[in-house]
Every structure is written in structure tokens, then in C-alpha cells.
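Heads up: the structure comes next, in C-alpha cells.
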Amino acid sequence: MHDTNLYLGAGSIFTLIFVMLGPLKVIGPFAKLTHDMEDTARRKIALRSFVIALFAVVAGALVGRALLQSWSISPPALLLAGGAIFFVVGMRVVLEQYAAASAPPPRLPDSPMAAAMRIAFPTVVTPYGTASVIVLLAHTHDLERTLTIFAILVGVMALNLLAMLYARRILGGVTAIALEILGAVLGVLQVALAVTIMLHALQDLGVMNA
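In terms of this note's numbering, the sequence shown has 167 at position 98, counting the first letter as 1, and numbering is strictly consecutive.
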């Protein structure tokens, strides 16, 4: 098994985690699900959702990396799979503006903890988001880089918390339009990065020349 020659910098890592697990996909659903709640109740749900989501994605990523190592999956194969996931999600972000309006979300449970669980999964912690962190960790072999990934992950989750706490204000007026534009731009960047990742993986597998 040989290592991949692709190195993602902190900026690329942030872009991936931000698009996969970031606040752009959390603000709208959270605002709709909590639109009839008082501020105190919304804050409780937001804080609990943040704690649950952060614990779940860190634990899931660590367990996933351990399983990948025990299954002896080659780094290039994993990189190719990760690039394909990033590509599909990036395309979904880019094309989301053309999608038909979705049905209204179901009402949240009365219990704050149950409501937080409903928001944490899968609104905050998406399966593809967890997969992205697993791929990043699987291609990390030093402590400094691992800590960088986790620091970025915690930072993005903190942005999710702020987005939930201030969802109503953020979605008002020009800010909502700016967020849509930002989401589309990041989606395009993610698609381009995903293609780059897959090309590197194919080169490492010997399918194509550099």
C-alpha cells in the first residue's frame, strides 16, 4: 500500500468541512423547525444540538478511520471514493437553487433533548459530512495535521451554533441572498477540488499518467 501524493492545505480542508457540515445547510431548516418557539427554547435546542453534533461527528470520524485501517483499504481507493462523494455533494449544492420546493418539515418533539437530536441528525451531522472527515483523517499521519483538522471541525461546528442562535436575523434581507451566493461559489469550488482529488487518486492507482 502506497501513500497518495495529494496534500490538502488548511483552506481546502475548511472548504470541504464547511460545505459538508457547515451552517449554510443548517440555518434554513432550524429556522423553519423553531419558528413558533420562544427565544429561550430555541437557545436550549441550539446548544444541545451543537454538543450532540460535535460529539457524534468526532466519534464517528475516529471509529470510521479505525475501521478503514482494519479493512486495509488503500489510500488511493479511499481518496477516489472521497472525491466522488465530494463531487456529488458539491453538484447538489450548485443545483439546489433549481430544485422544487420541499415539503414543510415535521413538528419538533416537545422534549428539548429529543428536539435537539432531531436537528442534529441529519440536519447538522450529515452522513457525507462524517465521511469527509473520515477521508481527511485517513490521509493524515502526523499529530499537527490531525489537530488542524479537528480545530477546523470545531470551528465549523461553532459557526453552526451561531447560525442556529441567530437564524432569524441571518435570514432577513440581503444576508440571505449573500448566503445563497456564497453557497453556490463554495459548491463550485468543491466540485473543482473533488475532480482534482479524483485525478490524483487515479494517478496513484496507475489508471492514468500524471
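All C-beta atoms in this analysis are idealised placements derived from N, C-alpha and C, irrespective of residue type, glycine included.
DSSP state of residue i mapped onto helix, strand, coil
| i | result |
| --- | --- |
| L231 | helix |
| P181 | helix |
| M277 | coil |
| T195 | coil |
| T103 | coil |
| S81 | helix |
| I25 | Nothing can be reported for residue 25, as the shown portion of the chain is limited to 70 through 279. |
| V260 | helix |
| V95 | coil |
| L240 | coil |
| H210 | coil |
| R176 | coil |
| M70 | With a pLDDT of only 41 at M70, under 50, the local geometry of the prediction cannot be trusted, and the value read off the model is given with reservation. Coil. |
Beta-carbon proximity check, residue i vs residue j, cutoff 8 Å
| i | j | result |
| --- | --- | --- |
| V126 | G198 | yes |
| A130 | L212 | no |
| N229 | V193 | yes |
| L102 | L177 | yes |
| A236 | F99 | yes |
| M89 | S180 | no |
| F155 | L85 | yes |
| A79 | T217 | yes |
Proximal residues to residue i (C-beta, below 6 Å), its chain only, five neighbours per side dropped
| i | result |
| --- | --- |
| P145 | T73, A270, D273, L274 |
| R134 | I203, L206, A207 |
Burial state of residue i (16 or more Cβ within 10 Å)
| i | result |
| --- | --- |
| L164 | exposed |
| P196 | exposed |
| G91 | buried |
| V132 | exposed |
| L149 | buried |
| L136 | exposed |
Chain-order list of residues whose beta-carbon lies under 8 Å from that of residue i (same chain, five-residue window excluded)
| i | result |
| --- | --- |
| V257 | G159, V163 |
| Q138 | A207 |
| I360 | Because residue 360 is not part of the residues shown, which for the chain are 70 to 279, the question remains open. |
| T215 | L206, T209 |
| L251 | L93 |
| D108 | none |
| A110 | T103, P181 |
| P175 | none |
| F219 | V127 |
Own chain residues within Cβ distance below 7 Å of residue i, not counting five before or after
| i | result |
| --- | --- |
| F119 | M226, N229, L230 |
| A185 | I114, R117, S118, I121 |
| F83 | I221 |
| G152 | A263, I266, M267, A270 |
| L147 | L137, V204, A207 |
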